[in-house]
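Only one structure is covered here, and it is reproduced in the block below.
Chains as they are written, first to last, in my numbering: chain A, -10 to 239; chain B, -10 to 239.
In structure tokens form, the structure reads like this:
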């Protein structure tokens, strides 16, 4: 038995997100499990670093799976890439210690959100950007972003139900930059709640459009009222870029 | 009546190419004619600068159409972009003289062919590159390209039937460059025969793989024998980048 760590890229457009769900096999996890199970001759369970929603992409999703195969990691990678659909690929596979777990041991993640600010839509980026079509005031967005960075209870910026699980997370940085006809928001933190990046993005966009004052972010944290947070930005602008681990855990 | 010149972008993946064909409406020309005819309240014929094959893309296809609408060019552009499928867009529309014709008056065109040389396939470029997965010797390809530049009878590098139409064309330049994990071939010339860019690319790739000597290109011109030319490169690596006109013709 060996434990394989995979780094994956996918275009999420065609899929119902990362996570296997009841009846549908149309998920990234489902596709990967099907190919690995065929290779291993028995069911192989794949653990992702976390879910991505339907339509969300990944440049560096991480997953691990325990397998019995005699193949080495390069052979596994080649096999998997041969049989996965063309919009999913393994870009790296390596053997890691048996106690490595891609979700439980992740120490931080980076997400990127792309917003097209130019009025005209663009054919080639259509599945990868939120086509806002309006200019954004980056300096007020950066003021808002500063108020989001740090350790906070991000419950109001999520679609979580209040429960026993902590909704406290730490965002270590939010970079906001103009990249040609797009604004990119790059979020790094120790964990992100359900829909959190998309709601943070929607809130910062309302700030950037001048529809709200960046200081309102303090009120949202204080009141813990989800209705005060912004609209959720659409899925297709979002991509999981990197998942980081302590080197000693691998 | 006015004559409108359009510059178009499209991802060709889902379409049966530019040109309307008998039963199928699944062409770029067909989609554009449908939207313009709806706007104009009568059938509007669209003239493209030339065909692109199924799966071939455009960053700057040119077309023109004569219309009766009272709308100005910005209104026409907005209307068309609202109703065209998301993988086709008008990036520019302007009124030109009634004698402008996008095909008959084109003086030169530029095509780009993208080849992915890295072994691993790539999710995000999958519909836009030929995934060769092998390294290419650029210096021998450039030697071959030099022999192609100039005025020649390109019949053996085409899928044309011998007929009354001239198959003599002039290629003014072929640039070959490594762009990260890809090799790009950029062809500029006064006209390109059916399948010509794809067959030239296939031939130059055989040179770059060391399967044939660049000097064989002289023999192919001399013998005018299609069977001596290389394989046709796949459609999805090709894109029409620009169509050029004499300024005075517009």
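Here a beta-carbon is modelled for each residue, glycine too, at the ideal position from N, C-alpha and C.
Nothing here was measured: the structure is a model prediction, and the numbers come from that model.
Just curious, the beta strand (DSSP E) that residue -2/B is in, first and last residue?
Where residue -2/B is concerned, the enclosing beta strand (DSSP E) stretches over -9 to -1.
For residue -7/A and residue 207/A, what's the separation of their Cα atoms in angstroms?
So the alpha carbons of these two residues sit roughly 43 angstroms apart.
Are residue 146/A and residue 104/A closer than 8 angstroms when you measure CB to CB?
Contact: no.
Please confirm whether residue 111/B has its beta-carbon closer than 8 angstroms to some beta-carbon of chain A.
Taking Cβ atoms only, chain A reaches closer than 8 angstroms to residue 111/B, which makes this a yes.
The segment 162 to 180 of chain A / the segment 133 to 140 of chain A touching (three or more Cβ pairs under 8 angstroms):
Yes, they touch.
Identify the continuous beta strand (DSSP E) that holds residue 167/A and give its terminal residues.
It spans 157 to 168 - the beta strand (DSSP E) in which residue 167/A sits, taken as one unbroken run.
In the segment 57 to 86 of chain A, which residues sit with their C-beta less than 7 angstroms from some C-beta in chain B, listed in chain order?
If the cut-off is 7 angstroms between Cβ atoms, the segment 57 to 86 of chain A has 70, 75, 76, 77, 78 and 80 near chain B.
With the cut-off set at 8 angstroms, would you say residue 203/B and residue 194/B are in Cβ contact?
Result no, Cβ atoms of residue 203/B and residue 194/B do not sit closer than 8 angstroms.
What would DSSP say about residue 136/A, mapped onto helix, strand or coil?
Three-state result, residue 136/A: helix.
Return the CA-CA distance between residue 186/A and residue 125/A, expressed in angstroms with no decimal places.
Those two C-alpha atoms are separated by around 18 angstroms.
Go to residue 29/A, then tell me how far its alpha helix (DSSP H) extends in each direction, as first and last residue.
Taken as a continuous stretch (DSSP letters only), the alpha helix (DSSP H) holding residue 29/A covers 17 to 29.
Should residue 199/B be labelled buried (16 or more other beta-carbon atoms within 10 Å of its own) or exposed?
The residue is exposed, with fewer than 16 neighbouring Cβ atoms inside 10 Å.
For residue -2/B, which residues in chain A fall below 9 angstroms Cβ to Cβ?
Those are 111, 112 and 113, listed as they occur along chain A.
Report the start-end ranges of each alpha helix (DSSP H) in the segment 61 to 105 of chain B that is 4 residues or longer and not cut off at the edges.
If we require 4 residues or more, the alpha helix (DSSP H) runs fully inside the segment 61 to 105 of chain B come out as 62 to 72.
According to DSSP, which residues form a beta bridge with residue 176/B?
Looking at the DSSP assignment, residue 176/B forms a beta bridge with 100/B and 163/B.
Is residue 49/A helix, strand or coil by DSSP?
Residue 49/A falls in the strand class under three-state DSSP.
Whole angstroms are fine: how far does the CA of residue 17/B sit from the CA of residue 76/B?
Between residue 76/B and residue 17/B, the C-alpha separation is close to 10 angstroms.
Length of the line joining the Cα atoms of residue 122/B and residue 223/A:
Note on geometry: alpha-carbon atoms of residue 122/B and residue 223/A lie some 35 angstroms from one another.
Reference residue 93/A; option with closest CA among 20/A, 36/A and 213/A
Measuring from the Cα of residue 93/A, the nearest candidate turns out to be 36/A.
Residues bridged to residue 36/B by DSSP?
In DSSP, residue 36/B forms a bridge with 53/B.
DSSP state of residue 116/A mapped onto helix, strand, coil
In the three-state scheme derived from DSSP, where H, G and I count as helix and E and B as strand, residue 116/A is classed as coil.
What's the gap between the Cα of residue 20/A and the Cα of residue 114/B?
Going by the C-alpha atoms only, they are around 20 angstroms apart.
Coarse secondary structure for residue 59/A, derived from DSSP in three states:
Coil, per DSSP.
In the DSSP output, what is residue 235/A paired with across the bridge?
Within the DSSP secondary-structure output, residue 235/A pairs in no beta bridge.
In this structure, how does DSSP classify residue 149/A when only helix, strand and coil are distinguished?
Looking at residue 149/A - three-state DSSP - the assignment turns out to be coil, as it is neither helix nor strand.
Touch check for the segment -1 to 6 of chain B and the segment 209 to 226 of chain A: three-plus C-beta pairs under 8 angstroms?
Too few Cβ pairs lie closer than 8 angstroms, so no.
By Cβ distance, which residues of its chain are closer than 7 angstroms to residue 129/B, with the 5 residues on each side in sequence left out?
Within its own chain, the residues whose Cβ lies closer than 7 angstroms to the Cβ of residue 129/B, once the five positions on either side in sequence are excluded, are 196, 197 and 203, listed in chain order.
In the DSSP assignment, the alpha helix (DSSP H) including residue 207/B goes from what residue to what residue?
Residues 205 to 212.
Let me check one thing: in DSSP terms, what residues is residue 141/A bridge-paired to?
Note: residue 141/A sits in a beta bridge opposite 158/A.
As a quick exercise: from 155/B, 148/B, 151/B and 132/B, pick the residue whose alpha carbon is nearest that of residue 165/B.
Ranking the options by Cα distance to residue 165/B, first place goes to 132/B.
According to DSSP, residues forming a beta bridge with residue 227/A
Looking at the DSSP assignment, residue 227/A forms a beta bridge with 102/A.
How would you call residue -10/B, buried or exposed, if buried means at least 16 neighbouring beta carbons within 10 angstroms?
Residue environment for residue -10/B: exposed (fewer than 16 other C-beta atoms within 10 angstroms of its C-beta).
May I ask which residues mark the beginning and end of the alpha helix (DSSP H) holding residue 3/A?
Note, residue 3/A: premise wrong, no alpha helix (DSSP H); not H, not E.
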